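Here's the structure we're looking at; comments come further down.
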Amino acid sequence: MVSPTRPAASSTFVPGSTYTALPCGSNVTRTCWSVMRSLPCNKAIVCNIRRGNATARKIRLRPMKIGIISDSHGKTRRLRAALEILRARGAEAIVHCGDLCSPPCVQALGDCGLPAYAVAGNMDRHLVELATQAAEVGVTFSPEVVEAPLGDGRYLVATHGNDHAVLDELVAGQQFPYVCHGHTHRAADERIGAARVICPGALRHPRHPHHPTVALLDTATDTLEFLDVPR
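For the sequence shown, my numbering gives the first residue as 811, with consecutive numbering after it.
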């Protein structure tokens, strides 16, 4: 039985580890998603269990262009438009920073033809449904944090950002060159120590700027560009 306490900060986020979907009852001693999210346990559903580097599902990334999206809030057509814009600009992988809010949005990520990573946001209340859909369409989905290896021992990491303790820990650890988040609905790009902290803005209800945006990160040149998305 997993203790209903959060792991110590020193052991919570370790580069090379991630969440991956496993059948409930799997013989892996890790932290249960239900405990981490304070959700009731349902033995009949798919759990997300933290696993180590040897078994976690990852896609190895060389220096490349990564499209960063957040807060689509069920706007599937707008999300598809954003994905087309990013593909046209040379994106080779997609990171969604949460608040997908609907299986059709997960499907859009699966249909984009690129490796896609997504984390749950505070409005993603049907987590099991979203996780199941993600598994079916080949999207790497995590309840809290998702990591993408950059091919040189470093990792890009994404979380939604509603849990400030999680976001602060990722930044303060100075282990990740890129920390991506959403939730604020405000496009932002700042450097805190060795970490570049990126929010792509929002596809729905954007606050700053007042129109939908996404971001395109070129890890080869360490450049970031914000791109407008039609409403």
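The C-beta atom is built at its ideal place from N, Cα and C for all residues, glycine as well. Just so we're clear, the structure is a prediction, and the values are computed from it rather than from any experiment.
| task | Measure the CB-CB distance between GLU954 and TYR965 and report whether it falls below 7 angstroms. | result | Position 144 of the sequence shown, counted from the start, is the residue given in the question as residue 954. Position 155 of the sequence shown, counted from the start, is the residue given in the question as residue 965. No, they are not a contact pair.
| said: Please report the distance separating the alpha-carbon of VAL919 from that of GLU946. | reply: For the purposes of this step, residue 919 is identified with residue 109 of the sequence shown, where counting begins at 1. For the purposes of this step, residue 946 is identified with residue 136 of the sequence shown, where counting begins at 1. In the sequence as presented, Val is not what sits at residue 919; that position holds Leu. Each residue's Cα considered, the two are about 12 angstroms apart.
| query | So the beta strand (DSSP E) ASP1038 belongs to, where does it begin and stop? | reply | The residue labelled residue 1038 in the question sits at position 228 within the sequence shown. ASP1038 -> beta strand (DSSP E) spans 1033–1038.
| query | Can you name, in chain order, every residue of its own chain whose Cβ lies under 7 angstroms from the Cβ of ALA982, other than the five neighbours on each side? | reply | One-based indexing of the sequence shown puts residue 982 at position 172. Nothing meets the Cβ criterion.
| said: Between which residues of its own chain and ILE916 is the CB-CB distance below 8 angstroms, once the five residues before and five after are set aside? | reply: As a working mapping, residue 916 is identified with position 106 in the sequence shown. Looking at the sequence provided, one finds Val at residue 916 rather than Ile. So the list reads LEU910, ALA928, LEU940, GLN943, ALA944, VAL947, VAL949, PHE951, once near-sequence residues are dropped.
| task | Go through the region 938–1001 residue by residue and report every complete run of the alpha helix (DSSP H) that reaches 4 residues or more, in order. | result | 974–982
| message | Taking the beta carbon of ARG888 as the centre, do at least 16 other beta carbons fall within 10 Å, making it buried, or is it exposed? | response | By one-based count along the sequence shown, residue 888 stands at place 78. Result: buried.
| task | Going by CA-CA distance only, name the one from ILE878, PRO913, THR886 that's closest to ARG899. | result | Numbered from 1 along the sequence shown, position 89 holds the residue referred to as residue 899. Cα-wise, what sits closest to ARG899 is ILE878.
| message | Distance check for THR1033 and VAL1024, CA to CA, integer angstroms please. | response | Counted from its first residue, the sequence shown places residue 1024 at position 214. Counted from its first residue, the sequence shown places residue 1033 at position 223. Going by the C-alpha atoms only, they are around 14 angstroms apart.
| said: Taking 7 angstroms as the threshold (C-beta atoms), are THR1029 and MET933 in contact? | reply: As a position in the sequence shown, residue 933 is number 123, starting the count at 1. As a position in the sequence shown, residue 1029 is number 219, starting the count at 1. No, the Cβ-Cβ distance between MET933 and THR1029 is not below 7 angstroms.
| said: Between SER880 and CYS907, how many whole angstroms is the CB-CB distance? I'm expecting something under 8 angstroms. | reply: Mapped onto the sequence shown, residue 880 falls at position 70. Mapped onto the sequence shown, residue 907 falls at position 97. The Cβ separation is near 4 angstroms, so the contact holds.
| said: My assumption, with CB atoms under 8 angstroms, is that PRO1019 sits in contact with ALA997. Please give the rounded CB distance. | reply: Residue mapping note: residue 1019 aligns to position 209 of the sequence shown, counting from 1. Residue mapping note: residue 997 aligns to position 187 of the sequence shown, counting from 1. Rounded, the Cβ-Cβ distance is 6 angstroms, consistent with contact.
| task | Please report how far the alpha carbon of HIS1021 lies from the alpha carbon of HIS1015, in whole angstroms. | result | What you label residue 1021 is simply residue 211 of the sequence shown in a count that begins at 1. What you label residue 1015 is simply residue 205 of the sequence shown in a count that begins at 1. Their backbone Cα atoms lie some 8 angstroms apart in a straight line.
| said: Excluding the 5 residues flanking GLY971 on each side, which residues of the same chain have their C-beta closer than 6 angstroms to its C-beta? | reply: Your numbering for residue 971 matches position 161 in the sequence shown. Answer for GLY971: LEU977, HIS991, GLY992, HIS993, listed in chain order.
| 7 angstroms Cβ shell around HIS974 - same chain, five flanking residues per side excluded | Counting from one through the sequence shown, the residue named residue 974 turns up at place 164. No residues qualify anywhere along the chain.
| request: Express the C-alpha separation of ALA926 and VAL856 in angstroms, rounding to a whole number. | output: The count along the sequence shown starts at 1 and reaches residue 856 at position 46. The count along the sequence shown starts at 1 and reaches residue 926 at position 116. Note that VAL856 scores 39 on pLDDT, short of 50, meaning its location in the model is unreliable and no value can be drawn from it.
| field | Classification of THR828 by the beta-carbon crowding that lies within 10 angstroms, buried from 16 upward | value | Your numbering for residue 828 matches position 18 in the sequence shown. With a pLDDT of 39 at THR828, under the threshold of 50, the predicted position of this residue should be treated as unreliable, though the coordinate-derived value follows. Its Cβ being crowded by 16 or more others within 10 Å, THR828 is buried.
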